[in-house]
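Q: My structure is below; once you've seen it, I'll send some questions.
Chains as they are written, first to last, in our numbering: chain B, 1 to 118; chain G, 119 to 229.
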C-alpha cells in the first residue's frame, strides 16, 4: 500500500514569491495535516484538513493557507515568502481527525518538501 | 511552559543498555498519545501508540499516567539502529483538536 506522498521534493524560491506544496494521503485516510520543521527545530503544527474543510490552524500568519480536494489530497500555499520560511514541510494523514481511538488518530508522514527561500 | 515537554538529551548509551524517556503534557483533556522516531533529515515515523493500560512492542514499552500527565518510553537491549530522536506526541480535543509534538529526545547508542 502506498504511503503519503509529497511533491516536489525540493523547492527553491526567492523572497516575495509564492510556493505551492502538494500532498496525497494514504488511501482511505480523510485527514491531512501540515507541519513546518525548521532546521534543528521541532515540528510546528500548521494546518489540519478533514473531509475537505479546514478544521484548525497553528500560530502562523494568513499567508500560509491551503485546501483539501474531494479526493482528500491537499495543497499548502505560502505567499509572500520570507527567508525564515525555509524549512522542511511535512504532510501527514490519518484515518480520522478527531474522536475515535488512538489507532484512528495515528498520523503517517510523507517524506516532506524542503523549501529554500533565497 | 510548553504544552508537551521532553528532556532534549542527548542520551548516550552503550549497546545493550536500557534507556527510558519521559514526556509530560499540560492539558488534562489530552486524548491520545504516541511515540515517534525521527532520523536526521527524515520524516517522523510512528513507533507506537500509547494506551492507558500500557503496551509493549518487542523491545519497546510505553506507559501512560493520566493522573500525573506523563507518558514514558522504555527501550531494552538498545541497538545501534535505535539512534534517533524520539518524539512524544499528544492529541488534545479542547480549544480545537490539535496534535502537539514534543521537541524530541536525542538518543545515541554506541558500540
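Cβ coordinates follow ideal geometry from the N, Cα and C atoms, glycine included.
1) Which class does residue 197 of chain G belong to by DSSP, given the choice of helix, strand or coil?
2) Going by CA-CA distance only, name the one from G/186, G/150 and G/196 that's closest to residue 104 of chain B.
3) Note down the Cα distance separating residue 185 of chain G from residue 31 of chain B, rounded to an integer number of angstroms.
4) Rounded to the nearest angstrom, what separates residue 62 of chain B and residue 78 of chain B at their Cα positions?
5) Any beta-carbon of chain G closer than 8 Å to the one on residue 105 of chain B?
6) Kindly list, in the order they appear in chain B, the residues whose Cβ is closer than 9 Å to that of residue 222 of chain G.
7) Check each candidate in G/160, G/228 and G/200 and name the one with the smallest Cα separation from residue 176 of chain G.
8) So, with DSSP's three-state summary, where would you put residue 160 of chain G?
9) Return the chain-ordered list of same chain residues with a C-beta closer than 8 Å to the C-beta of residue 134 of chain G, the five sequence neighbours on each side being excluded.
A: On the basis of the coordinates in this document:
1) Here residue 197 of chain G sits in coil by DSSP.
2) G/150
3) 30 Å
4) 9 Å
5) yes
6) At a C-beta separation below 9 Å, residue 222 of chain G has these neighbours in chain B: 42 and 43.
7) G/200
8) coil
9) If you ignore the 5 residues before and after residue 134 of chain G, its C-beta comes within less than 8 Å of the C-beta of 195 and 196, all in its own chain and listed in chain order.
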